[in-house]
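Structure first, commentary second.
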Amino acid sequence: MVFHAANPPDFDWLIQSDRVHRRLYTDPALFELEMERIFGGTWSYLGHESEIPQPGCFVRRSVGRRPILLTRGQDGQIHGLFNRCTHRGTLLITADKGCSKRLTCPYHGWCFGLDGRLHTLPVAESYANPHKASFHLGQLQVETYRGLIFGTLAAQPPELTNWLGAALPWLDEHLDRHPKGTLRLVNSPVRLEFAGNWKLLWDNAADGIHATFAHRSYNQLGHQAKTKTILARNPASTPMVSQTLDHGHCVVDQRPGILGGPWLTMRQLPTREALEGSLRAQYPPEMLDLATGNMVNLSLFPNLLLVGNQLMVVEPQAVDRTRIHLYLAMAEDVPEAINLLRLRVDEDFVSFGTPDDLAIFERIQEGLVGIPEEEWLDISRGEHAGDQEDDWGRVTGSIATEAPIRAYWQEWKRLMKDPVPLQVRRAVGGARENGGLEGAKTRASASHSSLPEPIN
Amino acid sequence: MSSLQLPPDQGLEGVKALYDELATERDWVLAAPLATDKVLVAAVAQFLALEARMLDAGRFEAWLDLWDPDGWYWIPLRRDSHPGQDQALFLDDRRRLQERVWRMRDLYAWGIQPLPEIVRGITTVEAWKQVDETVLSSSTLTLHIHSGSGARLVATRQIHRLRPQSSGFQIFRKTVLIPELAQGSRHLGWFL
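Read top to bottom, the protein sequences are chains A and B.
Offset between the first sequence (1-based) and the numbering used here: plus 59.
Offset between the second sequence (1-based) and the numbering used here: plus 1.
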């Protein structure tokens with residue numbers, strides 16, 4: 060399917076109040092459009108400050124499919140750079156992470172600072188002076204909230220805190236439970252891929268009812284260990300709640316269904332007894348709750364899910380292929396055994412729960428692709444059947460509600476139907492750090508603005 | 002290298018010592034000298050072939066019997082990971098291995114059912130006798146996996162620490178290095 064400007068997709072038909080069309084998961088042209096308009100037009104999570112602690116540090120990321128370098132420049136400022144040489148388009152960096160004074164293109168030796176400025180241009184005299192456009196790297200607008208770094212290409216994005224909006228108190232709560240109010244990410248994430256569309260993760264994120272059925276095997280392991288895992292609760296009677304939070308964000312608060320604190324929901328783990336024993340000998344029992352998550356799953360559309368102590372980052376790769384990155388958050392200023400337990404806690408579900416989720420996503424994709432006669436996915440659960448809407452339009456329901464799914468689709472439709480203007484930022488002026496650039500014959504230009512173009 | 006067990010009451014220091022030992026053992030094998038004891042290498046190769054055949058045949062409970070009750074099975078995400086600093090795919094004691102075997106039989110484990118058909122190929126076997134009479138070995142293990150979603154190949158290096166027995170060996174430690182984990186892979190929920 061190819062869309063022409065004169066014949067754009069009918070988003071109101073594809074996304075209805077109680078159902079969505081299968082093409083939203085299977086159409087390659089729609090996928091290309093959402094890579095541009097969703098992952099570009101709104102804030103996306105890029106990384107955490109602890110991953111680039113010193114000037115010169117960088118990590119490789121993506122926004123949609125745009126390869127991005129998250130860097131800390133020599134002045135300490137954080138940048139989200141296009142990982143693409145401005146000469147002929149070569150990927151500048153292929154390493155996951157590193158530390159360097161410069162980013163050098165392997166093809167013709169163009170050399171950039173970590174602030175994106177062109178630093179050295181070999182055989183500079185072969186260029187006319189002045190040039191028509193800047194050779195500085197393209198950049199996202201980047202903002203940070205309590206260590207979490209977000210970026211966008213929107214020409215006039217909302218303030219990050221406004222975009223976080225109703226999710227902000229939940230995010231604060233997630234951070235405030237740590238003694239210093241900050242996290243340190245382990246920079247070796249679990250990376251998993253599945254043969255399905257990226258939005259299947261969003262359908263799943265706040266879907267509390269799936270846990271009883273999709274994770275039946277995991278729950279049974281809990282029963283065998285005489286542990287009532289958090290997922291094993293009866294979805295028809297649990298007091299846990301789901302809530303929509305504007306901009307497609309949502310939260311599932313599992314705490315009302317837990318008596319005695321999060322640690323009591325944990326199954327047996329390798330080394331658990333030794334580490335738990337060392338903590339119980341010196342600290343009150345509540346200390347152990349820091350070893351697991353806060354039982355609040357917070358999802359920030361379009362690419363960040365906070366689940367347990369992990370930050371799950373969604374990376375769409377194709378209409379039917381998605382990669383997820385699970386970054387484990389460590390706490391600062393806590394007993395060593397807490398962070399050692401965090402490692403083992405988060406391996407548990409990845410071993411016995413996540414494979415079942417991913418397999419079901421792949422089953423859904425097969426079902427949607429294979430049978431064009433069945434066009435619709437139902438997302439009506441909870442509507443007029445228990446959901447409560449407040450004065451701001453935010454919906455709270457039981458964990459069986461599909462209100463969060465309906466809400467993120469409305470945000471998706473908003474961004475796709477009326478795409479916001481995008482703007483590639485570039486540094487203005489020559490290199491700050493090296494007078495040698497004087498002969499490099501670059502010329503700064505104003506930021507390049509572009510509106511999304513229709514796909515032909 | 003010396004071997005170390007982890008008594009249940011060992012506490013924090015015992016756990017850290019175990020983690021250090023797992024990482025040290027891996028590093029030692031990756032930098033080990035030429036394995037010159039051909040008889041030992043041949044005996045280890047026979048044992049590794051037995052282990053692979055058991056797993057290919059789905060004889061998971063029999064495979065568990067190859068393990069020392071205090072054994073540990075580690076699959077780091079990267080070749081340079083440390084179990085005390087990084088998440089792992091496996092960091093399993095006997096109890097966890099029993100759970101994995103149980104799950105292999107669980108028809109509600111949607112991620113792994115039906116179990117794929119797997120053929121394990123083992124090559125480049127090396128082995129070194131240690132001062133405590135255990136044996137460290139290195140080998141390359143290639144898994145040919147066939148399931149409803151098609152065929153797949155997973156290349157690994159496996160490191161075993163084995164205890165000689167009258168009937169062969171017992172697995173005391175096992176580490177598997179899987180390069181595709183670092184970049185991202187489809188889940189390996191069926192892996193043992």
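For each residue, glycine too, the CB sits at the ideal point set by N, CA and C.
None of the values given here were measured: they were computed from a predicted structure.
Could you confirm whether any beta carbon from chain B is found closer than 7 Å to the beta carbon of residue i?
i, result
"S337 of chain A", "yes"
"R119 of chain A", "no"
"R401 of chain A", "no"
"Q376 of chain A", "no"
"V366 of chain A", "no"
"P329 of chain A", "yes"
"V311 of chain A", "no"
"V79 of chain A", "no"
"R491 of chain A", "Interpretation of R491 of chain A is limited by its pLDDT of 45, a score under 50 that renders its predicted location unreliable; no figure is taken from the coordinates."
Please classify residue i: does DSSP put it in a helix, a strand, or coil?
i, result
"S301 of chain A", "strand"
"Q313 of chain A", "coil"
"V373 of chain A", "strand"
"E105 of chain B", "A small fix is needed here, since residue 105 of chain B is Met in this sequence, not Glu. It is helical."
"N493 of chain A", "Only weak support is given to the placement of N493 of chain A: the predicted model assigns it a pLDDT of 38, under 50, and the value that follows is read from those uncertain coordinates. If DSSP states are grouped into helix, strand and coil, N493 of chain A belongs with coil."
"S296 of chain A", "coil"
"W72 of chain A", "helix"
"Q200 of chain A", "strand"
"S103 of chain A", "strand"
"L280 of chain A", "helix"
"V487 of chain A", "coil"
"T460 of chain A", "coil"
"S193 of chain A", "coil"
"L21 of chain A", "Within the shown structure, residues of chain A are numbered from 60 to 515, placing residue 21 of chain A beyond reach of any answer."
"N350 of chain A", "Before going further, note that residue 350 of chain A is Ala rather than Asn in the sequence given. Here A350 of chain A sits in helix by DSSP."
"E425 of chain A", "helix"
"V355 of chain A", "strand"
"H308 of chain A", "coil"
Where DSSP assigns a beta bridge to residue i, which residues make up the other side?
i, result
"H145 of chain B", "B:V120 and B:L154"
"A126 of chain A", "This sequence places Pro at residue 126 of chain A; Ala is not what is there. Bridge partners of P126 of chain A: A:S121."
"R162 of chain B", "B:L137 and B:R174"
"C170 of chain A", "A:T163 and A:T179"
"C144 of chain A", "Beta-bridge pairing links C144 of chain A to no other residue."
"K39 of chain B", "The partner list for K39 of chain B (beta bridge, DSSP) is empty, contrary to what the question assumes."
"E91 of chain A", "In the DSSP output, where bridge partners are listed per residue, E91 of chain A has none listed."
"V245 of chain A", "None; V245 of chain A has no bridge partner."
"K130 of chain B", "B:V136"
"A89 of chain B", "B:P77"
"H80 of chain A", "A:W435"
Hey, is residue i's beta-carbon within less than 7 Å of any beta-carbon in chain A?
i, result
"G149 of chain B", "no"
"L144 of chain B", "no"
"V16 of chain B", "yes"
"L13 of chain B", "yes"
"E100 of chain B", "yes"
"R27 of chain B", "no"
"W129 of chain B", "no"
"Y74 of chain B", "no"
"L5 of chain B", "Confidence in L5 of chain B is poor, its pLDDT being 46 and thus under 50, which makes the residue's placement unreliable; the coordinate value appears in the next sentence. No - not a single Cβ of chain A is within 7 Å of the one on L5 of chain B."
"R121 of chain B", "no"
"M2 of chain B", "Residue confidence is low: M2 of chain B scores 49 on pLDDT, short of 50, so the model does not pin down where it sits. Its coordinate-derived value is still stated next. Output row for M2 of chain B: interface = no."
"H188 of chain B", "yes"
"G185 of chain B", "yes"
"Q159 of chain B", "no"
"R54 of chain B", "no"
"D71 of chain B", "no"
"L92 of chain B", "yes"
Could you tell me which chain C residues have their CB closer than 7 Å to the CB of residue i, listed as they occur along the chain?
i, result
"I419 of chain A", "Looking for chain C here will not work: the only protein chains present are A and B."
For this session: Mind the definition here: the stretch 428–440 of chain A touches the stretch 106–121 of chain B only if three or more C-beta pairs lie below 8 Å; say whether that holds.
Result: no
Exercise. If you pair each beta-carbon of the stretch 92–106 of chain B with each one of the stretch 66–78 of chain B, do three or more pairs fall below 8 Å?
Worked result: yes
Exercise. For the stretch 134–147 of chain A against the stretch 234–254 of chain A, are there 3 or more C-beta pairs whose distance is under 8 Å?
Worked result: Between the stretch 134–147 of chain A and the stretch 234–254 of chain A, the count of C-beta pairs closer than 8 Å stays below three; the two stretches do not touch.
Exercise. For the 8 Å Cβ check, are there 3 or more pairs between the stretch 214–222 of chain A and the stretch 249–264 of chain A?
Worked result: no
Exercise. For the stretch 413–426 of chain A against the stretch 109–127 of chain A, are there 3 or more C-beta pairs whose distance is under 8 Å?
Worked result: no
Exercise. Is the stretch 91–102 of chain A in contact with the stretch 342–356 of chain A, if contact means three or more CB pairs nearer than 8 Å?
Worked result: At 8 Å Cβ cutoff, the stretches do not touch.
For this session: Could you name each continuous beta strand (DSSP E) segment of 3 residues or more that falls completely within the stretch 40–86 of chain B, going from the start of the chain to the end?
Result: For the stretch 40–86 of chain B, whole beta strand (DSSP E) runs of length 3 or above, ordered along the chain, are 68–77.
Problem set entry | Touch test, the stretch 74–81 of chain A against the stretch 437–448 of chain A, Cβ-Cβ under 8 Å, three pairs minimum | The answer is yes - the stretch 437–448 of chain A touches the stretch 74–81 of chain A, with three or more Cβ pairs under 8 Å.
Exercise. How do the stretch 123–130 of chain B and the stretch 25–44 of chain B stand: do at least 3 beta-carbon pairs fall below 8 Å, yes or no?
Worked result: yes
Exercise. Do the stretch 389–406 of chain A and the stretch 335–346 of chain A touch if we need at least three Cβ pairs shorter than 8 Å?
Worked result: Cβ pair count under 8 Å is three or more, so yes.
Exercise. Would you call the stretch 470–478 of chain A and the stretch 276–286 of chain A touching, i.e. three or more CB-CB distances under 8 Å?
Worked result: no
For this session: Please determine if the stretch 181–188 of chain B and the stretch 45–60 of chain B are in contact, where contact requires at least 3 C-beta pairs separated by less than 8 Å.
Result: In short, these stretches do not touch, since the Cβ pair count stays below three.
For this session: Would you check if the stretch 129–144 of chain B and the stretch 163–182 of chain B touch, i.e. whether three or more CB-CB distances between them fall below 8 Å?
Result: yes
Exercise. Is the stretch 262–273 of chain A touching the stretch 379–395 of chain A in the sense that three or more CB pairs, one from each, lie closer than 8 Å?
Worked result: no
For this session: Could you name each continuous beta strand (DSSP E) segment of 3 residues or more that falls completely within the stretch 376–414 of chain A, going from the start of the chain to the end?
Result: Secondary structure remark: continuous beta strand (DSSP E) runs of at least 3 residues inside the stretch 376–414 of chain A, in chain order: 380–390.
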